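Each residue of the sequence shown is one higher than the one before, counting from 128 in the numbering used here. Notes follow the structure.
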Amino acid sequence: TIEEFDSCKCDLPPCLETTYGTTISQLDFSQSYLVREGSIYNATPEEYKNDIASIGINFVAIEHSVVTVSKSMTYTEFLSNVGGQMGLFVGISVVSLAEVLVE
């Protein structure tokens, strides 16, 4: 439900995002169109032109993107990386300690 969706407190980007570019153009009705359509309603072309409006919505291109969000590493991979780094630094520390004791 909408209430459940609004209560989501996650830090992930939105699952659905739609962006449309816009272009506005304007065109007058042709005289023949006004005469033909105005005669249907018993109106002069000028009366018909003042009483109508037409809106056309066109899409330049239809695009569909699918984005999948996943974790970059699992918990096990994270522990493995931390353990490897700790082993590397502890090993270097032991070697440094041995050098100090030998001198």
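Yeah, the Cβ is synthetic: ideal placement off N, Cα and C, and Gly gets one too. These numbers come from a predicted model, not from an experiment.
Enclosing alpha helix (DSSP H) for residue i [first to last residue]
i           : result
residue 156 : First-last for residue 156: undefined, no H or E at that position.
Proximal residues to residue i (C-beta, below 7 Å), its chain only, five neighbours per side dropped
i           : result
residue 223 : none
residue 168 : 175
residue 154 : none
Sequence-distant residues of the same chain with beta carbon closer than 6 Å to residue i, five excluded per side
i           : result
residue 162 : 172
Task: Unbroken stretches of the alpha helix (DSSP H), 4 residues or longer, contained in the segment 155-207 - done: Runs of the alpha helix (DSSP H) inside the segment 155-207: 158-167 and 172-178.
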